[in-house]
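When you number the sequence shown by this note's numbering, it's gap-free, plus one each residue, and the end is 232.
Ideal placement from N, C-alpha and C gives every residue a C-beta, glycine not left out.
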Amino acid sequence: MTEVEVVVAHQERATLRVGDVFLKIDADQARIDVEVEAMALAPIPTPEVLWRTPPVLAIAAVPGTALGRLGQPLTASPAAWAAAGAAIRKLHDAPLPPWPGRSHDEIATELDVECAWLVGNEVLPTDLVTRNQRIAEAALRPWTPAFIHGDLQLCHVFVADDEVTGVIDWSEAAQGDALFDLAILTLGHEEHLGDVIAGYGGDVDPDVIRAWWSLRSLTAIRWLVEHGFDPSAPGCEVDVLKAQR
-12 MTEVEVVVAH QERATLRVGD VFLKIDADQA RIDVEVEAMA LAPIPTPEVL WRTPPVLAIA
48 AVPGTALGRL GQPLTASPAA WAAAGAAIRK LHDAPLPPWP GRSHDEIATE LDVECAWLVG
108 NEVLPTDLVT RNQRIAEAAL RPWTPAFIHG DLQLCHVFVA DDEVTGVIDW SEAAQGDALF
168 DLAILTLGHE EHLGDVIAGY GGDVDPDVIR AWWSLRSLTA IRWLVEHGFD PSAPGCEVDV
228 LKAQR
């Protein structure tokens, strides 16, 4: 008998796996609209949409295995990471999606609010937050908008035989900074940044990627804590912040 696996479940959404089918349940239909349209527009492998009956979206599993998961040992080869970089470049070179992403001001405001929360609630030491906020501000320079995935965690990129077989979870796709995608993919795994850049090609500023590492970690911690995740687990967001200089 096919079992039902709970992939993720929290107050905002849930994802279940039944055999080779994933059922994504989301009360925010706008978020599902973005996911479906982004997968249709993206010029790289994405899951097949099987059916949609709000609030449920059914998609097929993609072949291969994920590059890895934040905080866990990795087994994917440097060539697989380079292939991920090449796929991301193809996405970033594609025509922009018709909906905008977040503005510099919105991101800067979020950074200020989350840093104040981290310090005010004594979640992290003040000097750690202050140092990383200073580093993060370098990400908020002018950029040319690209078609970005928006949540390109390494567990969202699937590979087989050192080729990308699918990229999942497109609900955050939008116009945005191309280096944000590269940063999210390599968050906590700086040792593979060179492989990703080699596959991506072009002029990439590693300092801006490092700035996005700080910004992403600072702004994600409250959400992670409130939704039952542990950002202080080994190799995860708090460790990323501690490693930043």
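C-beta atoms of Tyr187 and Gly72 nearer than 8 Å: As a first step, residue 187 is located in the sequence shown; it is residue number 200 there, counting from the start. As a first step, residue 72 is located in the sequence shown; it is residue number 85 there, counting from the start. Contact flag set, yes.
Cβ pair count under 8 Å reaching 3, the region 111 to 118 against the region 51 to 71: no
Segments of 3+ residues assigned as beta strand (DSSP E) that fall wholly inside the region 60 to 140: 133 to 135
Uninterrupted beta strand (DSSP E) stretches inside the region 11 to 50 (no shorter than 3 residues): 36 to 40, 43 to 47
Paired residues, beta bridge with Phe9 - DSSP: For the purposes of this step, residue 9 is taken as residue 22 along the sequence shown, with counting starting at 1. Paired residues: Arg4, Ile46.
Distance between Ile94 and Ala29 (C-alpha atoms, nearest Å): Start at 1 with the first residue of the sequence shown, and residue 29 comes out as number 42. Start at 1 with the first residue of the sequence shown, and residue 94 comes out as number 107. Straight across, the Cα-Cα distance linking Ala29 with Ile94 is about 24 Å.
Through-space distance from Asp226 to Ala198, alpha-carbon basis: Locating residue 198 in the sequence shown gives position 211, where the first residue counts as 1. Locating residue 226 in the sequence shown gives position 239, where the first residue counts as 1. In a straight line, the C-alpha of Ala198 is about 15 Å away from that of Asp226.
Candidates Trp157, Leu166, Ala161, Glu177, of which the one nearest Pro32 by Cα: Walking along the sequence shown from the start, residue 32 turns up at place 45. Taking only the C-alpha atoms, the option nearest Pro32 is Trp157.
Local Cβ density within 10 Å of Val154, reported as buried at 16 or more and exposed below that: Taking the first residue of the sequence shown as position 1, residue 154 is located at position 167. So Val154 ends up on the buried side.
Selected residue, minimal CA-CA separation from Asp15, among Thr96, Ile196, Glu159: Locating residue 15 in the sequence shown gives position 28, where the first residue counts as 1. When each option's Cα is compared against that of Asp15, the closest is Glu159.
Residue from Ile208, Gln162, Leu139 whose Cα sits closest to the Cα of Ala53: As a working note, residue 53 is residue 66 in the sequence shown. Measuring from the Cα of Ala53, the nearest candidate turns out to be Leu139.
Reference Ala238; option with closest CA among Ala66, Arg56, Asp192, Ile46: Outside the displayed span of the chain (-12 to 232) sits residue 238, for which this structure offers no information.
Counterpart residues of Gln162 in DSSP-defined beta bridges: Numbered from its first residue, the sequence shown carries residue 162 at position 175. Answer is Phe134.
Contacts around Gln258, its chain only, beta-carbon distance under 6 Å, and the 5 residues preceding and following it disregarded: Given a span of -12 to 232 for the chain in the structure shown, any question on residue 258 remains unanswerable.
Short Cβ contact (8 Å threshold) for Ile135 with His79: The sequence position of residue 135 within the sequence shown is 148, counting from 1. The sequence position of residue 79 within the sequence shown is 92, counting from 1. Cβ atoms of Ile135 and His79: closer than 8 Å.
Validate contact between the region 37 to 49 and the region -2 to 9 using beta carbons, cut 8 Å, 3 pairs: Inter-segment contact for the region 37 to 49 and the region -2 to 9 is present: three or more beta-carbon pairs are separated by less than 8 Å.
Phe167 in three-state terms, based on DSSP: Start at 1 with the first residue of the sequence shown, and residue 167 comes out as number 180. In the structure shown, Phe167 sits in a helix (DSSP, three-state: H, G or I).
Cβ-Cβ distance between Leu83 and Pro132 below 8 Å: Residue mapping note: residue 83 aligns to position 96 of the sequence shown, counting from 1. Residue mapping note: residue 132 aligns to position 145 of the sequence shown, counting from 1. It is a contact, given that the beta carbons lie within the stated cut-off.
Val(-6) versus Cys102: straight-line alpha-carbon distance, rounded: Sequence index remark: in the sequence shown, residue -6 carries index 7 (1-based). Sequence index remark: in the sequence shown, residue 102 carries index 115 (1-based). Straight-line Cα distance between these residues: approximately 30 Å.
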